[in-house]
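Accompanying notes for the structure given below.
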Amino acid sequence: PSSIPLPSPPLLLSTFLHPSPECANYIKVLHRYNTTHLLACGTGAFNPHCAKIRVGHTGQFELEEQSIESGRGRCPYDHNSPVTSTLDRGELYIGLYTDYWENDAALCRLNNQSYTRTERDDRQQLNEPKFIGSVVIPDNNDRDDDKVYFFFTERGTDAEGVNKAVYTRVGRVCANDQGGQRMLVNRWSSFLKTRLICSVAGPNGIDTHFDELEDVFVLKTKDEKNPEIFGLFSTTSAVFQGYAVCVYHMDDVRAAFNGQFAHRERPEHHWTPYEGRVPYPRPGSCASEVNGGGFSGSKEFPDEVLRFVRSHPVMFSPVLPLHRRPVLLQTEPGGRRLTQIAVDRVQAQDGHYHVLYIGTGDSVVLKVITIYNKDTDTIEEVLLEELQVFKVPFPITEIIISAKRQQLYVGSEVGVAQVRLHQCDLYGSECADCCLARDPYCAWDGITCSRYYPAGVYTKRRFRRQDVRHGNAVQLCNGLQIDVGEQYQGAAERQVYGVESNSTLLECTPRSLQARVMWYIQRDPDREEVGGDERVVITTHGLLFLRVRSGDAGVYVCQTVEHGYVHTLLRVTLHVLGGSRLQGLWYKEFLQLIGYGDSQQVEEYCERVWCSGKRRRKTKRRYTQPMEVGERKGRGKGDPHRAPRHTLDN
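Quick look at the structure:
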């Protein structure tokens, strides 16, 4: 791997009495500047700097030291400060706190000729924002009508100016906005914002709102003017902690910005729709041929338009999500903290699906699909995988999808990891296991579970079985489901030995996370289902006996049930050994006690458990007894009259 040294200036570091991790140079802005260079901006020990990095054809990187310049206004001072940025046609659009004390929040555009930003100290525009994301989205084929969208959270204020609730906002400016001529000089003349709603309907008409935006992902489609926006939200309540994912269409976003402006006479009043006259051209519109008006730039806009947009930056109508509710919810107490989201659009045999990759606070990436049922107006969440990306439980801070390489790049404080988008081989070679997985990337090809390709695209076999929407393995794998008796014969078998009054685990983990596991004990000629109680616990890893008894010995069957399909995974024979008899036994006597027929299996079992550490330490030299003169090298001579050692001596 290549590395580029970008340390903080040594002269600056010498001014710190006690250098700490905050004195490092944290890269907060990184974009492809052109075909040959990257633009990188770092905190530089609270002294931001930017530089250009040359990218070679063979993956080599070279820092151009002559390009190093001040990064003030383009990079925050503190690495913990929120920032979002996007680069379009050589212009950097960024949301950040521009000062050291983080009092001046701004949405800016920087290029070699101009610097445009929001008003200073105007809480109507920005009030303690936390910047999350930004993107340039065209409205039509006229590039002068392109809009830049910023996603952030901010606080509302009451009549006394006290900060109250947190709201998620989407702000918008024109990409070609140059500010006004006499007023709003070097300030946005098109800045508007509105609220993003993500809520769940509750009883008595009271909704549960998820107001804290954690991350946003803009999924590009074939129509670049209409991408899909995925927002990961959390609650702001100190009592109830939950997460939700909401999806927004650009038609709804544009409708909100083209709707009524919000207005209130005094700060203590509620927001109401503005009923007065709206000047022409409409405030917030761009100077373009599509909008007409004969204005070649924003500097030609009448003062009346600029005055109105400065006093009415808020739209009255919020943006509501698709289906008017979240597509994914996590409200269980003690659930994982969700931090990042990335989305891939996958074509399956029965349609297109959105695969959500959600990063957590403990280095796990959740792979989830959501299925909308139009007939019942319900949304089903299907958890496909839980990927433990890093061994150290650090929060996931970045997720990037490479559709070209079919890889997922996951970042955290401990490093960057590369993960495959699909791991079809993990579902096994059975038709049922592959179909029940409901992974849109995978299908059963008649031999094994492999990558699914649409018809005519790298397709080698016509025989493909996949049902993501229903996971109906009974119908798809008709004739391939084994009878109950044959299932027992083909299932894997295992021997487990437990000591009376001790804990014992019968391991059995299904491949599918949606499968329901059921345990049975074989009582010839019938079988009985094993239910959990204070002594026997059914866990996600298997059947746990907290205190095993002699009466628990027998043959246990682990079965999974999913969408009507029953599959026997394992047959476990549990042997329970009496604790009082075991204490006084030597190893060979123990083998004779349980019978000669099982001695070989027990010996193999003990060798796996007790000797696995020795196998890993092959480099360690073994102890050999010193040989006498003339003695050949061979086995050490043991004492034939040695008494057996007591088990407690070890």
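In this note's numbering, the protein residues as written are 987 to 1636. Cβ atoms here follow ideal geometry from the backbone N, Cα and C, with glycine treated the same way.
Beta-carbon proximity list for F1136, same chain, < 6 Å, skipping 5 on both sides | G1081, L1093, S1120 and G1157.
So what does M1301 bridge to, in DSSP terms?
-> Bridge partners of M1301 according to DSSP: F1247.
Residue range of the alpha helix (DSSP H) that includes L1422 | Element bounds for L1422: C1417 to A1423.
By how many angstroms is the C-alpha of A1418 removed from the C-alpha of I1638?
-> The chain is shown only over 987 to 1636; residue 1638 falls outside these bounds and no answer can be derived.
When burial is assigned at 16 or more other CB atoms within 10 Å of the CB, is E1210 buried or exposed?
-> So E1210 counts as exposed.
From the DSSP output, in three-state form, read off H1553 for me.
-> H1553 falls in the strand class under three-state DSSP.
Would the beta-carbon of L1529 fall within 8 Å of that of W1505?
-> Yes.
Under a Cβ-count criterion, where at least 16 other Cβ atoms within 10 Å of its own Cβ denotes burial, should E1416 be classed as buried or exposed?
-> Buried: at least 16 other Cβ atoms inside 10 Å.
C1094 - DSSP class collapsed to helix/strand/coil | If DSSP states are grouped into helix, strand and coil, C1094 belongs with the strands.
Contained beta strand (DSSP E) runs [length at least 3] in the segment 1341-1385, N- to C-terminal order = Whole beta strand (DSSP E) segments, 3+ residues: 1350-1359 and 1364-1374.
S1388, DSSP secondary structure in three states = Secondary structure of S1388 (DSSP, three-state): strand.
Would you give the residue range spanned by the alpha helix (DSSP H) that A1459 belongs to?
-> That run of the alpha helix (DSSP H) goes A1459 to L1462.
Which one of D1330, P1381, R1060 and N1190 has the shortest CA to CA distance from T1356?
-> Closest in alpha carbon position to T1356, among D1330, P1381, R1060 and N1190, is D1330.
Where E1290 falls: helix, strand or coil (DSSP) = If DSSP states are grouped into helix, strand and coil, E1290 belongs with the helices.
Does DSSP classify C1494 as helix, strand or coil?
-> In the three-state reduction of the DSSP assignment, C1494 falls in the coil class.
Given R1310, which residues of its chain have a CB within under 7 Å of its CB, disregarding the five upstream and five downstream residues?
-> If we look at R1310 and ignore the five residues flanking it on each side, it has no Cβ neighbours.
Following the continuous beta strand (DSSP E) through T1084, name the residue where it begins and the one where it ends.
-> Membership of T1084 in any beta strand (DSSP E) is not indicated, and neither H nor E is assigned to it by DSSP.
Compare the beta carbon distance of C1232 and C1272 with 8 Å and say whether it is the shorter of the two.
-> If you check the CB distance, C1232 and C1272 do not come in under 8 Å.
Exposed or buried, K1206, counting other C-beta atoms within 10 Å across all chains shown (16 or more means buried)?
-> Residue environment: K1206 is assigned as exposed (fewer than 16 neighbouring CB atoms within 10 Å of its CB, all protein chains considered).
Might you give, ordered along the chain, the residues of its own chain that have their beta carbon closer than 6 Å to the beta carbon of E1290, omitting 5 neighbours on each side?
-> Apart from the 5 residues on each side of it in sequence, E1290 sits with its Cβ closer than 6 Å to the Cβ of P1265 in its chain, given in chain order.
Check whether the Cβ atoms of V1239 and V1305 lie closer than 8 Å to each other.
-> Against a cut-off of 8 Å, the Cβ pair of V1305 and V1239 comes out as a contact.
Contact check, D1163 vs S1175, beta carbons under 8 Å | Against a cut-off of 8 Å, the Cβ pair of S1175 and D1163 comes out as a contact.
Classification of D1648 by the beta-carbon crowding that lies within 10 angstroms, buried from 16 upward = Only positions 987 to 1636 of the chain appear in this structure, which leaves residue 1648 out of reach.
Confirm, please, whether the CB-CB distance from R1391 to A1477 is below 8 Å.
-> With contacts defined as CB atoms closer than 8 Å, A1477 and R1391 fail to qualify as a contacting pair.
I1327 versus V1134 - alpha carbon distance = Distance from the CA atom of I1327 to the CA atom of V1134, rounded to whole angstroms, is 21 Å.
Would you mind working out which of K1014, F1294 and G1245 sits nearest P1269, comparing C-alpha positions?
-> The residue among K1014, F1294 and G1245 with its C-alpha nearest the C-alpha of P1269 is F1294.
So what does H1035 bridge to, in DSSP terms?
-> In the DSSP output, where bridge partners are listed per residue, H1035 has G1028 and S1056.
Whole-angstrom Cβ separation of G1076 and N1097, contact assumed at under 8 Å?
-> Contact annotation, G1076 with N1097: C-beta distance approximately 6 Å; criterion of less than 8 Å satisfied.
Using 10 angstroms around the beta-carbon of Q1452, count the other beta-carbons present and answer buried if the total reaches 16, otherwise exposed.
-> Flag for Q1452 reads buried.
Have a look at S1067 and P1259 and give me their C-alpha separation to the nearest angstrom.
-> Pairing S1067 with P1259, the inter-Cα distance amounts to about 35 Å.
Express the C-alpha separation of C1421 and S1498 in angstroms, rounding to a whole number.
-> Approximately 10 Å, taken between the alpha carbons.
Report the rounded CA-to-CA distance for L1324 versus V1186, giving the unit in angstroms.
-> So the two alpha carbons sit approximately 18 Å from each other.
Select from S1071, C1009 and V1171 the residue whose C-alpha is nearest the C-alpha of V1015.
-> It is S1071 whose Cα lies nearest to the Cα of V1015.
According to DSSP, which residues form a beta bridge with M1504?
-> According to DSSP, which records beta bridges pairwise, M1504 is partnered with Q1545.
If we count the other Cβ atoms within 10 Å of its Cβ and call it buried at 16 or more, is H1255 buried or exposed?
-> So H1255 ends up on the exposed side.
Given a threshold of 16 other Cβ atoms within 10 Å of its Cβ, counted over all protein chains shown, does D1237 qualify as buried or as exposed?
-> Looking at its Cβ environment, which holds fewer than 16 other Cβ atoms inside 10 Å, D1237 is exposed.
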